Amino acid sequence: MGFSVTFWGVRGTVSCPLPSHMGFGGNTSCVEVQAGDQRIVIDAGTGIRMLGKRLLKEGATEATLLMSHTHLDHICGFPFFAPAYSKGFHLRIVSGHLKGSPGIEAAMARQMERPLFPVPMRTMGSNIVFDEITAGDRFALGEGVQVRTALLNHPDGATGYRIEHLGKSFAYVTDTEHVPGHPDRNILDLIDGADLVLYDSTYTDEEWQNRIGWGHSTWTEGVRLAQAAGVKQLVLFHHDPDHDDAAMTAIEAAAQAVFPHCFAAREGMTVTLA
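In the UniProt record's numbering, the protein residues as written are 1 to 274.
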């Protein structure tokens, strides 16, 4: 059944439903990976709503949701993920940064409790299983799909993922902050030789200087890591809400001038790996 990656939400911080942003997309983080018979969703930003509608239309009965972390822009779409309300749908939610108390189940449920939301998570009709791992763990999803994880540098913690299937690999590395002159060894190990790497490119170098400690990185650091790790293709991701289509086009062009094998993620785009 192949190996492909589809972008349903590419924006960071807050959704941007603006005409000036529609070329790249205004929904927050959500990526779909199809690896053989495994349907894998990474993060539950606002982009997950339309993915959920598509899954129901296709008659899907199960999926695995890998959470990078639980900041609001990465979980706020979950209450609107229609399959989670569908009896007979099986959903496994995996988190690598909240082991202990409160865990991933409590964090996801909290945003759906009154007075924040009128429909509590416990009323969802699907079979939801929560699985807490430790960032750095490895596990399998079905036959022939391997997942590696890594700890990222982000306030409250975050987890990066590498999915391997049919001899190809895709790494999801967002919501992480670099330290100038000190490449992150966790990330380098995770993305080593990967076919496709998605990286937190929220800021330009100039913007980042005024946002140190906010937990995000730059396209220039993404290029440095990709070059050092022998990455075949780099995806710029987690676009800043202040970056409209014109700004994103300029950022993409600047990145491609340094590292031709890269592009800025756009909603609706699918990349086939195998």
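Positions of the beta carbon are idealized from the N, C-alpha and C atoms, including for glycine. Just so we're clear, the structure is a prediction, and the values are computed from it rather than from any experiment.
Cβ-Cβ distance between residue i and residue j below 9 Å
| i | j | result |
| --- | --- | --- |
| Asp240 | Tyr203 | yes |
| Ala255 | Leu234 | yes |
| His238 | Asp156 | no |
| Thr28 | Gly77 | yes |
| Ala107 | Thr70 | yes |
| Asp131 | Ile93 | yes |
| Asp195 | Leu141 | no |
| Gly23 | Asp245 | yes |
| Tyr85 | Met124 | yes |
| Phe73 | Ser15 | Per the sequence shown, residue 73 should be read as Asp rather than Phe. Taking 9 Å as the Cβ cut-off, Asp73 and Ser15 qualify as a contacting pair. |
| Leu188 | Ala228 | yes |
| Asp37 | Met1 | yes |
| Glu177 | Asn210 | no |
| Val179 | Thr220 | no |
Endpoints, the alpha helix (DSSP H) within which residue i is located
| i | result |
| --- | --- |
| Ala8 | Sequence check: residue 8 is Trp here, not Ala. No alpha helix (DSSP H) contains Trp8, which is instead part of the beta strand (DSSP E) from 3–9. |
| Arg39 | Note, Arg39: premise wrong, no alpha helix (DSSP H); beta strand (DSSP E) at 38–42. |
| Ala109 | 104–110 |
| Thr249 | 245–258 |
| Glu58 | 48–58 |
| Asp189 | 185–191 |
| Glu62 | Per DSSP, Glu62 belongs to no alpha helix (DSSP H); it is in the beta strand (DSSP E), 62–67. |
| Val14 | Counting along the chain, Val14 falls outside any alpha helix (DSSP H), and DSSP gives it neither H nor E. |
| Ala228 | 219–229 |
| Leu72 | 72–75 |
| Asp156 | Premise fails: Asp156 is in no alpha helix (DSSP H) and is neither H nor E. |
| Asp205 | 205–208 |
C-alpha gap between residue i and residue j, whole angstroms
| i | j | result |
| --- | --- | --- |
| Cys30 | Gly181 | 30 Å |
| Val231 | Arg224 | 10 Å |
| Val271 | Ser4 | 6 Å |
| Ser68 | Gly59 | 26 Å |
| Gly213 | Asn186 | 18 Å |
| Lys168 | Leu151 | 22 Å |
| residue 282 | Met121 | The structure shown does not extend to residue 282, since the chain is modelled only from 1 through 274, so no value can be given for it. |
| Leu166 | Gly144 | 7 Å |
| Ala82 | Leu56 | 8 Å |
| Lys53 | Met269 | 17 Å |
| Val33 | Gly9 | 13 Å |
| Thr149 | Pro115 | 35 Å |
| Pro17 | Gly47 | 12 Å |
| His243 | Asp205 | 14 Å |
| Leu98 | Gly136 | 13 Å |
| Ala226 | Gly103 | 33 Å |
| Val129 | Arg110 | 16 Å |
| residue 295 | Arg39 | The chain is shown from 1 up to 274; residue 295 falls before or after that span and cannot be answered. |
| Thr6 | Ser20 | 22 Å |
| Ala265 | Ser95 | 24 Å |
| Gln146 | Phe117 | 36 Å |
Residues that DSSP places opposite residue i in a beta bridge
| i | result |
| --- | --- |
| Asn127 | His90 |
| Gln146 | Ala140, Glu164 |
| Cys30 | Gly9 |
| Met269 | Beta-bridge pairing links Met269 to no other residue. |
| His182 | Val179 |
| Phe237 | Asp200 |
| Leu116 | Looking at the DSSP assignment, Leu116 forms no beta bridge with any residue, so it has no partner. |
| Tyr172 | Tyr161, Leu198 |
| Arg95 | Per the sequence presented here, residue 95 reads as Ser, with Arg not at that position. In the DSSP output, where bridge partners are listed per residue, Ser95 has Met67, Glu132. |
| Ala35 | Phe3, Gln38 |
| Leu151 | Thr159 |
Exposed unless 16 or more other CB atoms sit within 10 angstroms - verdict on residue i
| i | result |
| --- | --- |
| Phe139 | exposed |
| Pro79 | buried |
| Leu91 | buried |
| Thr64 | buried |
| Ala250 | exposed |
| Thr218 | buried |
Delimiting residues of the beta strand (DSSP E) encompassing residue i
| i | result |
| --- | --- |
| Leu196 | 196–200 |
| Phe78 | First-last for Phe78: undefined, no H or E at that position. |
| Ala264 | 262–264 |
Cutoff 9 Å: residue i Cβ touching any chain D Cβ
| i | result |
| --- | --- |
| Gln146 | No chain D is present in this structure, which holds just one protein chain. |
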